[in-house]
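S.K.: This structure is in structure tokens; I'll ask about it shortly.
Residue numbers (the UniProt record's numbering): 1 to 494.
Right, dumping it as structure tokens:
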């Protein structure tokens, strides 16, 4: 195979890694002779069977043209390789995010390469084939098509408004989690820093408007997600009444309500007024469309909400096109919108996870710092806590600052750990009651340690030998000093 001289580096790779990968994936021996630097091409020798040489030749040409050796290696190992042709890193990043629900649905694992997607079966067994492979390829190609349709919008944020904090905006973050909107920060230009907004057209537009309102114009903002075009699809009479109530809300609260395709958002000069307007708007949406919106003001502990946000099954359900979901870890609240089937599926998954969480997690609040230190052990060493964990097999954590105890593990281990903690607390309470009538002087005398006046006979012999050795060493040092003084006086004598 004739390969251009200046492209040999791509084929060889760092320390020959690419070449070794090609050899192992094609089963063909590849030899690169030492060519003349003045020549334009090098004849790479291939040795093996006809099919092996054919695969190796195709792989060499592809890698020389900018392809990846990993694509050929994956194909040889049974993976489904689909070329995406996406040059921008942002499109590839969004595509990787978009395929997470597909990984859960089809039981696959997707690696996003520079030029192609490598789709593996998540579990061991035969490679993807037949109808299953066709369905996976169809979904992957659909996601690639969506990635090609992403738009890029630019918002110039003044440096004084701290544009690096745009990503922490809760309204924008809701679009990031639901639609994969990406924010990219450019190098500052004079007194402004460009913020690039990547995402599906409608979601990116809504995100850019939010960024502009808060981080450029200095307004306070807040938002509520809706299913794409959900409010705009109201019946005509209902839409007129809703618009009238929105105008009343704007006049009473001195805010402005904006209707985007993916969310409704509020802006105003006063943060408190914006927050109040959001709560009123939330109630209005539930009143006008009770079957389309639902709000859970107490999902549970923050750790549980974080677990919900990371659950692949819930993410798969929430990203269906007929609805949207927003989980707030700080307030431990949830907002659902969309069709009844969409909301029921999401709520059923949340309840299933809540039951699992309850069986694998237990916690208790402690009265004070002393109780936490009691569970940890003497001087907070963790000695007693280690014993509790060892005997129960559960993961037990004690925090003296938060005054909490957490027990996690399988249901049986959690029950055992819970029993150990409660038993330790009962013993502490019994100790308190037993010491209620004891005075300070009695406690001091009770804890006073008895000092032995004499050592056992064998220890007395050892200590006596040590005293003799110490005395002998002291005498030898004294005599050495005397000799040094005598020598000094002899040198100084006339």
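Each residue gets a CB set at the ideal place from its N, CA and C atoms; glycine is no exception. Keep in mind that this is a model prediction, so the values were computed, not measured.
Going by beta carbon distance, what residues of the same chain come within less than 8 angstroms of residue 199, once the five residues before and after it are set aside?
M.R.: Start at 1 with the first residue of the chain shown, and residue 199 comes out as number 199. Counting only Cβ-Cβ distances below 8 angstroms, and skipping sequence neighbours, we find 94, 150, 151, 175, 179, 180, 181, 182 and 207.
S.K.: Would you call the CB atoms of residue 14 and residue 40 closer than 8 angstroms?
M.R.: In the chain shown, the residue the question calls residue 14 occupies position 14. In the chain shown, the residue the question calls residue 40 occupies position 40. Against a cut-off of 8 angstroms, the Cβ pair of residue 40 and residue 14 comes out as no contact.
S.K.: For residue 248 and residue 329, I'd like the C-alpha separation in whole angstroms.
M.R.: Here residue 248 corresponds to residue number 248 of the chain shown, with the count starting at 1. Here residue 329 corresponds to residue number 329 of the chain shown, with the count starting at 1. If you take the alpha carbons of residue 248 and residue 329, they lie about 31 angstroms apart.
S.K.: Which residue marks the beginning of the alpha helix (DSSP H) containing residue 271, and which one marks its end?
M.R.: Indexing the chain shown from 1 puts residue 271 at position 271. From DSSP, the alpha helix (DSSP H) with residue 271 extends over 271-288.
S.K.: Helix, strand or coil: how does DSSP classify residue 221 here?
M.R.: The residue labelled residue 221 in the question sits at position 221 within the chain shown. In this structure, residue 221 counts as strand in the three-state DSSP scheme.
S.K.: Can you check whether the CB of residue 79 is closer than 8 angstroms to the CB of residue 118?
M.R.: In the chain shown, residue 118 corresponds to position 118, counting from 1. In the chain shown, residue 79 corresponds to position 79, counting from 1. Yes; because the gap between Cβ atoms is below 8 angstroms, this pair is in contact.
S.K.: Across the stretch 361-381 and the stretch 413-424, are there enough close Cβ pairs to call them in contact, namely three or more that are closer than 8 angstroms?
M.R.: With a cut-off of 8 angstroms, the stretch 413-424 and the stretch 361-381 count as touching, because enough Cβ pairs lie within range.
S.K.: Going by DSSP, what residues sit across from residue 43 in a beta bridge?
M.R.: Stepping through the chain shown from its first residue, residue 43 is reached at position 43. Looking at the DSSP assignment, residue 43 forms a beta bridge with 2.
S.K.: Under the rule that 16 or more other beta-carbon atoms within 10 Å means buried, what is residue 283, buried or exposed?
M.R.: Locating residue 283 in the chain shown gives position 283, counting from the first residue. So residue 283 ends up on the exposed side.
S.K.: Touching or not, the stretch 221-236 and the stretch 118-128, by the rule of three or more beta carbon pairs under 8 angstroms?
M.R.: Not touching, per the Cβ criterion.
S.K.: Over the uninterrupted alpha helix (DSSP H) stretch that includes residue 123, give me the two end residues.
M.R.: Residue mapping note: residue 123 aligns to position 123 of the chain shown, counting from 1. Where residue 123 is concerned, there is no enclosing alpha helix (DSSP H), given that its DSSP letter is neither H nor E.
S.K.: Under the three-state reduction of DSSP, which class applies to residue 496: helix, strand or coil?
M.R.: Any answer about residue 496 is impossible in this case: the structure gives the chain only from 1 up to 494.
S.K.: Return helix, strand or coil for residue 34, following the three-state DSSP convention.
M.R.: Counting from one through the chain shown, the residue named residue 34 turns up at place 34. Coil.
S.K.: Which full runs of the beta strand (DSSP E) of 3+ residues lie inside the stretch 124-183, going along the chain?
M.R.: DSSP runs (the beta strand (DSSP E)) wholly in the stretch 124-183: 151-158.
S.K.: Give the straight-line distance between the Cα atoms of residue 49 and residue 115, rounded to the nearest whole angstrom.
M.R.: Within the chain shown, the letter at position 49 stands for residue 49. Within the chain shown, the letter at position 115 stands for residue 115. Computed Cα separation, rounded: 28 angstroms.
S.K.: Straight-line CA distance for residue 52 to residue 121?
M.R.: Sequence index remark: in the chain shown, residue 52 carries index 52 (1-based). Sequence index remark: in the chain shown, residue 121 carries index 121 (1-based). In a straight line, the C-alpha of residue 52 is about 25 angstroms away from that of residue 121.
S.K.: At what residue ranges does the stretch 316-388 contain a whole run of the alpha helix (DSSP H), taking only runs of 4 or more?
M.R.: Fully enclosed alpha helix (DSSP H) runs of 4 or longer: 340-360 and 369-376.
S.K.: For residue 298, I'd like the list of residues in its chain whose CB is within less than 8 angstroms of its CB, leaving aside the five on either flank, ordered along the chain.
M.R.: Sequence index remark: in the chain shown, residue 298 carries index 298 (1-based). Taken in chain order, the residues that qualify are 332 and 333.
S.K.: Under a three-way DSSP split, which group does residue 403 fall into?
M.R.: Here residue 403 corresponds to residue number 403 of the chain shown, with the count starting at 1. Of the three classes helix, strand and coil, the one that applies to residue 403 here is coil, per DSSP.
S.K.: With a Cβ-Cβ cutoff of 8 angstroms, do residue 350 and residue 308 count as a contact?
M.R.: Sequence index remark: in the chain shown, residue 350 carries index 350 (1-based). Sequence index remark: in the chain shown, residue 308 carries index 308 (1-based). Cβ distance < 8 angstroms, so residue 350 and residue 308 count as in contact.
S.K.: Taking the alpha carbon of residue 189 as the reference point, which residue from 159, 216 and 396 has its own alpha carbon closest?
M.R.: Residue mapping note: residue 189 aligns to position 189 of the chain shown, counting from 1. When each option's Cα is compared against that of residue 189, the closest is 159.
S.K.: Using a Cβ-Cβ cut-off of 7 angstroms (strictly less than) and excluding sequence neighbours within five positions of residue 113, which residues of its own chain qualify?
M.R.: Translated into positions along the chain shown, residue 113 becomes position 113. So the list reads 68, 70 and 71, once near-sequence residues are dropped.
S.K.: With residue 327 and residue 305 assumed to form a contact (beta carbons below 8 angstroms), what rounded beta-carbon distance in angstroms separates them?
M.R.: In the chain shown, the residue the question calls residue 327 occupies position 327. In the chain shown, the residue the question calls residue 305 occupies position 305. Yes, residue 327 and residue 305 are in contact; Cβ-Cβ is about 6 angstroms, under 8 angstroms.
S.K.: Considering just the uninterrupted stretch of the alpha helix (DSSP H) at residue 237, what are its terminal residues?
M.R.: If you number the chain shown from 1, residue 237 lands on position 237. Run containing residue 237: 236-253, per the alpha helix (DSSP H) assignment.
S.K.: State the Cα-Cα distance for the pair residue 292 and residue 325, rounded to the nearest angstrom.
M.R.: Taking the chain shown and counting its residues from 1, the one referred to as residue 292 is at position 292. Taking the chain shown and counting its residues from 1, the one referred to as residue 325 is at position 325. Each residue's Cα considered, the two are about 12 angstroms apart.
S.K.: For residue 277, count neighbouring Cβ atoms within 10 angstroms of its own Cβ and tell me buried if that reaches 16, exposed if not.
M.R.: Taking the first residue of the chain shown as position 1, residue 277 is located at position 277. When all chains shown are included, residue 277 counts as buried.
S.K.: Does the distance from the CB of residue 162 to the CB of residue 82 come in under 8 angstroms?
M.R.: The residue given as residue 162 occupies position 162 in the chain shown. The residue given as residue 82 occupies position 82 in the chain shown. It is not a contact, given that the beta carbons lie outside the stated cut-off.
S.K.: Would residue 26 and residue 59 be called neighbours here (beta carbons separated by less than 8 angstroms)?
M.R.: On the chain shown, position 26 is the one that residue 26 refers to. On the chain shown, position 59 is the one that residue 59 refers to. Yes, the Cβ-Cβ distance between residue 26 and residue 59 is below 8 angstroms.
S.K.: Can you give the Cα-Cα distance for residue 395 and residue 61, rounded to whole angstroms?
M.R.: Here residue 395 corresponds to residue number 395 of the chain shown, with the count starting at 1. Here residue 61 corresponds to residue number 61 of the chain shown, with the count starting at 1. So the alpha carbons of these two residues sit roughly 54 angstroms apart.
S.K.: Return yes when the Cβ of residue 260 is within less than 8 angstroms of the Cβ of residue 336, no when it is not.
M.R.: The residue labelled residue 336 in the question sits at position 336 within the chain shown. The residue labelled residue 260 in the question sits at position 260 within the chain shown. Their beta carbons are not under 8 angstroms apart, which means residue 336 does not touch residue 260 by this criterion.
S.K.: Flag this pair as touching only if the stretch 311-318 and the stretch 94-111 have three or more C-beta atom pairs under 8 angstroms; answer yes or no.
M.R.: They touch, by the three-pair rule.
S.K.: Who does residue 192 pair with in a DSSP beta bridge?
M.R.: By one-based count along the chain shown, residue 192 stands at place 192. Beta-bridge pairing links residue 192 to 158 and 189.
S.K.: Is residue 306 helix, strand or coil by DSSP?
M.R.: Walking along the chain shown from the start, residue 306 turns up at place 306. Helix at residue 306.
S.K.: Candidates 353, 263, 310 and 382: which alpha carbon is nearest residue 170's?
M.R.: If you number the chain shown from 1, residue 170 lands on position 170. Among 353, 263, 310 and 382, the Cα nearest to that of residue 170 is on 263.
S.K.: Considering just the uninterrupted stretch of the beta strand (DSSP E) at residue 109, what are its terminal residues?
M.R.: Along the chain shown, one-based indexing puts residue 109 at 109. Its beta strand (DSSP E) spans residues 108-112.
S.K.: Closest by CA to residue 87, which one among 32, 345, 144 and 100?
M.R.: By one-based count along the chain shown, residue 87 stands at place 87. Comparing Cα-Cα distances from residue 87 to each of 32, 345, 144 and 100, the minimum goes to 144.
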